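Undergrad:
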Amino acid sequence: MGRGRAKAKQTRVARELKYHSPSIDIDRLRADLGGAADDDLDGEVDATVSSGWTELYEQEEDDDEARASSY
Numbered sequence: 425m426g427r428g429r430a431k432a433k434q435t436r437v438a439r440e441l442k443y444h445s446p447s448i449d450i451d452r453l454r455a456d457l458g459g460a461a462d463d464d465l466d467g468e469v470d471a472t473v474s475s476g477w478t479e480l481y482e483q484e485e486d487d488d489e490a491r492a493s494s495y
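Note that our numbering has the sequence shown beginning at 425, numbered continuously upward.
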């Protein structure tokens with residue numbers, strides 16, 4: 425019996441979301457999510473992330489070479 429009301433509410437909410445486009449303040453959303461603006465980013469962040477991946481990749485290569493030479 426209660427399924428009809430739930431479905432009707434879901435339909436109503438879906439229509440509101442589809443046809444009503446609220447204005448979104450992107451800067452406030454970014455601040456709420458803790459992200460930095462594009463101009464706040466610098467190369468240091470990318471360098472630290474890529475150096476970590478490089479080290480892991482080099483370790484895997486060394487391990488693969490050691491396994492290959494043991495066969």
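For each residue, glycine too, the CB sits at the ideal point set by N, CA and C.
Predicted model, so just to flag it, every value in this text is computed and none were measured.
When the Cα atoms are used, what is the spatial distance from Ala-438 to Ile-448?
TA: So the alpha carbons of these two residues sit roughly 18 Å apart.
Undergrad: According to DSSP, is Ser-445 part of a helix, a strand, or is it coil?
TA: The answer is coil: DSSP assigns Ser-445 none of H, G, I, E or B.
Undergrad: May I have the straight-line CA-CA distance separating Ser-445 from Leu-453, to the nearest angstrom?
TA: Answer to the nearest angstrom: the Cα atoms are 16 Å apart.
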